[in-house]
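**Q**
Numbering (our numbering), first residue to last: 2 to 519.
(1) Quick one: residues in its chain with C-beta nearer than 7 Å to the C-beta of residue 217, no 5 flanking neighbours on either side, listed in chain order?
(2) Check whether the Cβ atoms of residue 333 and residue 326 lie closer than 8 Å to each other.
(3) Kindly identify the DSSP beta-bridge partner or partners of residue 503.
(4) Quick check: the Cα distance between residue 279 and residue 475, rounded to an integer number of angstroms?
(5) Measuring CA to CA, which of 451, 338, 357 and 512 is closest to residue 410?
(6) Assign residue 258 to one of two classes, buried (16 or more other C-beta atoms within 10 Å of its C-beta) or exposed (fewer than that).
(7) Please classify residue 288 as buried or exposed, where buried requires at least 16 other C-beta atoms within 10 Å of its C-beta.
(8) Around the Cβ of residue 347, are there at least 16 other Cβ atoms within 10 angstroms (buried) or fewer (exposed)?
(9) Nearest-angstrom Cα distance between residue 186 and residue 44?
(10) Rounded to whole angstroms, what's the CA-CA distance from residue 31 to residue 64? Just pull it up for me.
(11) Between the C-alpha atoms of residue 486 and residue 439, what's the straight-line distance to the nearest angstrom?
(12) Thinking C-alpha only, which one of 272, 231, 408 and 429 is nearest residue 483?
(13) Could you check the C-alpha separation between residue 383 and residue 341 for me, to the nearest Å?
(14) Compute the distance between the beta-carbons of residue 260 and residue 253, then report whether it is under 8 Å.
(15) Is the segment 465-473 close to the segment 422-436, with three or more CB pairs under 8 Å?
(16) Confirm, please, whether the CB-CB distance from residue 265 to residue 48 is below 8 Å.
(17) Going along the chain, which residues of its own chain have a beta-carbon closer than 6 Å to the beta-carbon of residue 365, five neighbours each way excluded?
(18) In chain order, what residues of the same chain have a beta carbon less than 8 Å from the beta carbon of residue 380, not counting five sequence neighbours either side?
(19) Can you list, in chain order, the residues of its chain with a C-beta nearer than 6 Å to that of residue 267? Leave out the 5 residues immediately preceding and following it.
(20) With C-beta atoms as the reference, is residue 432 less than 8 Å away from residue 462?
(21) Please go through the same chain and pick out, in chain order, the residues whose beta-carbon is closer than 7 Å to the beta-carbon of residue 298, but skip the five residues on each side of it.
(22) When the Cα of residue 441 is compared with those of 421, 424, 423 and 417, which residue comes out closest?
(23) Pull up the distance between the alpha-carbon of residue 227 and that of residue 34, whole angstroms please.
(24) Is residue 490 near residue 449, with beta carbons less than 8 Å apart?
(25) Would you report the Cα separation of residue 83 and residue 166, rounded to the nearest angstrom?
(26) Given residue 1, which residues of its chain have a CB within under 8 Å of its CB, disregarding the five upstream and five downstream residues?
(27) Tell me, please, which residues DSSP counts as bridged to residue 454.
(28) Let me know the secondary structure DSSP gives residue 520 once reduced to three states.
(29) Residues in its own chain within less than 7 Å of residue 352 by CB, not counting five upstream and five downstream?
(30) According to DSSP, simplified to helix, strand and coil, what is residue 133?
(31) Helix, strand or coil, according to DSSP, for residue 112 in the structure here?
(32) Take the Cβ of residue 497 as the centre, count every other Cβ of all protein chains shown within 10 Å, and call the residue buried at 16 or more, exposed below.
(33) Out of 369, 206, 330 and 61, state which residue places its alpha-carbon closest to the alpha-carbon of residue 152.
(34) Are the CB atoms of residue 214 and residue 199 nearer to each other than 8 Å?
(35) Going straight from the alpha carbon of residue 66 to that of residue 292, what length do you get?
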């Protein structure tokens, strides 16, 4: 019955809809001026292969596609950021107030919306230190960048607005008792406080605004220049690009490119064969499940369509135009009116070798034009914000939780090093943390256990498990060196019923038998 109603509504829509006259095609906008040399160098580094990671967004290309004006795009991004941080501010913990301030700043930027000359956005981590030192090192090396029209008068207003917001936030923090200082270091305007940690600075350059710590900014500008990958003849411009280099674990690049249609591509190289096999199997299964589900839906829709067509054909009071619309309707058009989903599915390409994986998908030109027309009329603003928030918020929360896991891995590796040193000196494994000299820093989210001894977590709001401990049966200390040992850490990262558990043994590689993020 429900499928029949769906089909009937689709037929009514077709019979009542008229195609409006197409408006005259406006002349193409003039090409944007070139980026300044400083800005071009930054975005060349974001696109070129290299250590670390980089994210680049080309607002010029989005505007050329008609998907958004630059001010509109910044408004949307600020809305997503404000909504995400407002939700995070509702969580318990000492970081909630920071997210509350961030939500207010993002909302002010959204309301102010003085962004007409922002042309590209980038976030770069031009170092692979996070592979060894964990995500906590990222603020020390990360740099943000805004490319703007060189010499535009609005640039000064944009910069003064950002500076005013920095001052407002620091005044708020000072009233709460935090020691905050705003200082001018050469051309850099910096905020320093114990709560923020590293000084965070704004550094203006010709046609470019940089953000980061003084060390990160100076190290970044001292890097030798690189050349962005040359575009092939006729190749569509980059809309969004993300690259990550994990050293021995492989390299990845995801790109959205488009001039009329939009192509999404994912390329992984240097990946372990078992990981390639797992990715390949997961994607193939997902596609197989999707195809099977679509076939089942189409079969049910076809049955519903046949019922409606039969009923309309036998109803003398039914308008002829409605009967005609029903005969022209297909099961595919009920759920995919213009065939865009089917075209996208048919465009999918996938291949793999022993150490690489490739996936590509094309969003048809017609779908891009439809979205462009709806966005120009403001019809998709709320939907886009909702979609972007639905993607951004859970992934940001998960990223934040994964950064917390770095504590367990780093401390377990420190305990491993302490046990190894003790073995070399005493020819046996240490049986207590005091014996091997393992004393993790205060503010621990995890409880650490070795044998019968546990060091409880001491970070505000952390939770120690009741007996039996999540580490029960996972930690031991052998009486002889050949019997080995294991040290366990557990913690609750998101206040649910699942414990995040990590174990390390004499092999020295932390394992995660229970992942709180799955």
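All C-beta atoms in this analysis are idealised placements derived from N, C-alpha and C, irrespective of residue type, glycine included.
Quick caveat, the model's predicted, so the values are computed rather than measured.
**A** Checking against the coordinates, here is how it stands:
(1) Cβ within range, chain order: 141, 142, 143 and 144.
(2) The beta carbons of residue 333 and residue 326 sit no closer together than 8 Å.
(3) For residue 503, which the question treats as bridged, DSSP gives the partners 490.
(4) Spanning the two alpha carbons is a distance of roughly 27 Å.
(5) 512
(6) buried
(7) exposed
(8) exposed
(9) 25 Å
(10) 12 Å
(11) 15 Å
(12) 429
(13) Residue confidence is low: residue 383 scores 46 on pLDDT, short of 50, so the model does not pin down where it sits. Its coordinate-derived value is still stated next. Answer to the nearest angstrom: the Cα atoms are 22 Å apart.
(14) No, they are not a contact pair.
(15) These segments do not touch.
(16) no
(17) 262, 341 and 344
(18) Residue placement at residue 380 is flagged as unreliable, the pLDDT there being 48, under the threshold of 50; a coordinate-derived value is accordingly withheld.
(19) 255 and 360
(20) no
(21) 336
(22) 417
(23) 22 Å
(24) yes
(25) One C-alpha to the other measures close to 15 Å.
(26) Since the first and last residues shown for the chain are 2 and 519, residue 1 lies out of range.
(27) 451
(28) The question about residue 520 has no answer here: the residues shown for the chain are numbered 2 through 519.
(29) 359
(30) helix
(31) helix
(32) Residue 497 is exposed by the Cβ-count criterion.
(33) Of the listed residues, the one whose Cα sits closest to residue 152 is 206.
(34) Contact flag set, yes.
(35) 30 Å
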